[in-house]
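Data block below; observations after.
Have a look at this one:
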């Protein structure tokens, strides 16, 4: 288990970058604490912009800074960033191709008991539908670090969703990271599980149990939702009997949709999608919510066994 | 008639021709805002085709993006692109000159068209200037109907929080919008007091279609320190064409041939 949440990792990477990059800016909407960006704000006050609780303004200001050669990371809860300021994301960032990286913190059901107003079960769909926007949902600390370091090298928009709590480590040793290339954690001959974000850890755990039981199961970390790595999916899915997608998102327009679309076009296969249902979700910690809806190792394992 | 005012009327001719050939555009607002754009581009800002890549050029943002036609007219006359191409292809099949400003057109700073975006972006630019200790100024033009967009008021707060005296917004207050008067739809009657309450310096321009009055207002705005300035320009929608002035239906009306000829002859008369 990493001691650091993915949001803390982002702050670390940005502080490292700012040492040699005066154009790196962070903008927050009274969200520096919840985004774990207070250390950045304290270390680089001249490169930090606070806009108050005003997400539309956050994204508009970020675009204005970016048009003056700033490289801007705008961080706000995923729920508000991707819906309250959706039009600014569409026009001022995606359409305008400004160098703004939108960090959706506390994504999915991270806020647990705070309820539906604070959940973002639509952000993959919303951001993915915008022409010119890339969408990422990294699993663990190491992947988050690699991803942000790589995104610092370009000047295109992107949306990155991270969860609130520290995610268990998915990767051991050094990760061989290539931007927009999904990571194959293990290959299997019977089942392929495709997951992203916090779900990757559970997918890995479920696969370990299934493999132990003689059901050869592979796992892909599809952190790159857009551009979506169809090639890796098709290569890993080629010989399996069953594909399973798992995501902390609704059924509409997220990982499962993209997997289904890809398989349907190129490699028709039996597919099970595991996702958050289209209803008011139960109250509880994020782990309790995951468990209730089958978004954990037990849920994934059970779904696979039932399907086979 | 001085040279600057003459330009305003030359620009009106370009707008009318553009509207006539395209059978599109937002002619009422174009004619109310054109003097503001003319003064900014020809008497106030340091923006030219030659310095448009210069980091220290002034920035201009047309938040009321539906008046792209007026912006294209001014930029065309400044030589940012082939003026005739803009006039002859505006809003037509595969034209680069689409109905809202886009940055593929040389001289256009931001994509606009959805209302309530420009002021936030301008705040970002003005903060960047302050942080970089650059002395360029950022100018943004808002429509009065646009003020009903709440995002504007987020930006009003931020501009004063950051003491952006390098930011100057102009309100094209023509009193009309697509459904009727702003008083009927969503009143802007207290906008002066609102802006002051938000911490802004406010300058009223009694005749916002008078180039001389606008020039003085922008000169005054430069001298104000510690707060952003809002220039409230009291304009006439459809200004310069008698049958369009203060008429809601000319928000985006399309001229008949007879109307086009009359409109052109009225502008020609002023120029003569």
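Residue numbers (the working numbering), protein chains in the order written: chain F, 58 to 365; chain S, 95 to 366.
We treat Cβ as the ideally placed atom computed from N, Cα and C, and that holds for glycine.
Q. In the structure shown, what three-state DSSP assignment does residue 140/S receive?
A. In the displayed model, residue 140/S falls within coil according to three-state DSSP, outside both helix and strand.
Q. If you count every other CB in all the chains shown that lies within 10 Å of the CB of residue 302/F, and 16 or more means buried, which is it?
A. Counting other Cβ atoms within 10 Å of its Cβ, residue 302/F reaches 16 or more and is therefore classed as buried.
Q: Sort 78/F, 116/F, 137/F and 161/F by Cα distance to residue 93/F and report the nearest one.
A: When only C-alpha atoms are compared, the closest one is 161/F.
Q. From residue 128/S to residue 190/F, what does the alpha carbon distance come to, in whole angstroms?
A. 35 Å
Q) Is there a Cβ from chain S that is less than 8 Å from the Cβ of residue 149/F? A) For residue 149/F, the closest Cβ of chain S is nearer than 8 Å.
**Q.** Contact set for residue 274/S: own chain, Cβ-Cβ below 7 Å, skip 5 residues either direction
**A.** 342
Q. Could you check where the beta strand (DSSP E) with residue 274/F kicks off and where it finishes?
A. 274-278
Q. Around the C-beta of residue 1/F, are 16 or more other C-beta atoms found within 10 angstroms, so that it is buried, or is it exposed?
A. The question about residue 1/F has no answer, for chain F in this structure spans 58 to 365.
Q.
Determine, for residue 268/S, whether the minimum Cβ-Cβ distance to residues of chain F falls below 8 Å.
A. Interface criterion not met: the Cβ of residue 268/S is under 8 Å from no Cβ in chain F.
Q: Pull up the distance between the alpha-carbon of residue 186/F and that of residue 184/S, whole angstroms please.
A: 29 Å
**Q.** Own chain partners of residue 141/S with C-beta closer than 7 Å, once the 5 adjacent residues on each side are dropped
**A.** 135, 151, 152 and 154
**Q.** Within chain F, the residues that residue 205/S reaches when beta carbons sit closer than 7 Å
**A.** 148, 152 and 153
Q: Could you run through the segment 102-124 of chain F and flag, in chain order, every residue whose CB is less than 8 Å away from some CB of chain S?
A: Taken in chain order, the members of the segment 102-124 of chain F whose beta-carbon sits within less than 8 Å of a beta-carbon on chain S are 103, 104, 106, 108, 109, 111, 113, 114, 116, 117, 118, 119, 120, 121, 122, 123 and 124.
Q) Quick one: what does DSSP say residue 187/F is sitting in, helix, strand or coil? A) coil
Q | Which residues DSSP lists as bridging residue 192/F, in chain order | A | 216/F and 283/F
Q: Look at the Cβ atom of residue 238/S, then the Cβ atom of residue 276/S, and state whether they are nearer than 8 Å.
A: yes
Q: Mark residue 63/F as exposed unless 16 or more other C-beta atoms lie within 10 angstroms of its C-beta, in which case mark it buried.
A: When all chains shown are included, residue 63/F counts as buried.
Q | residue 171/F and residue 138/F closer than 8 Å at C-beta | A | Taking 8 Å as the Cβ cut-off, residue 171/F and residue 138/F do not qualify as a contacting pair.
Q) Quick one, are the C-beta atoms of residue 226/F and residue 252/F less than 8 Å apart? A) No, Cβ-Cβ distance for residue 226/F and residue 252/F is not below 8 Å.
Q | Where residue 233/S falls: helix, strand or coil (DSSP) | A | Here DSSP, grouped into helix, strand and coil, assigns residue 233/S to strand.
Q: Please say whether residue 330/F and residue 375/F have beta carbons closer to each other than 8 Å?
A: Within the shown structure, residues of chain F are numbered from 58 to 365, placing residue 375/F beyond reach of any answer.
Q) Is residue 280/S buried or exposed, if buried means 16 or more other CB atoms sit within 10 Å of its CB? A) Residue 280/S is exposed by the Cβ-count criterion.
Q. Hey, is residue 199/S's beta-carbon within less than 8 Å of any beta-carbon in chain F?
A. no
**Q.** Span of the beta strand (DSSP E) around residue 328/S
**A.** Residue 328/S: member of the beta strand (DSSP E) spanning 323-328, first to last residue.
Q) Across which residues does DSSP place residue 361/S in a beta bridge pair? A) Looking at the DSSP assignment, residue 361/S forms no beta bridge with any residue, so it has no partner.
**Q.** Cβ-based neighbour list, residue 342/F, same chain, cut-off 6 Å, excluding 5 preceding and 5 following
**A.** 169
Q | Alpha carbon of residue 340/F to alpha carbon of residue 334/F, nearest angstrom | A | 14 Å
**Q.** Reference residue 144/S; option with closest CA among 172/S, 231/S and 138/S
**A.** 172/S
Q) What's the C-alpha gap between residue 145/F and residue 113/F? A) Looking at the two C-alpha atoms, the distance is approximately 6 Å.
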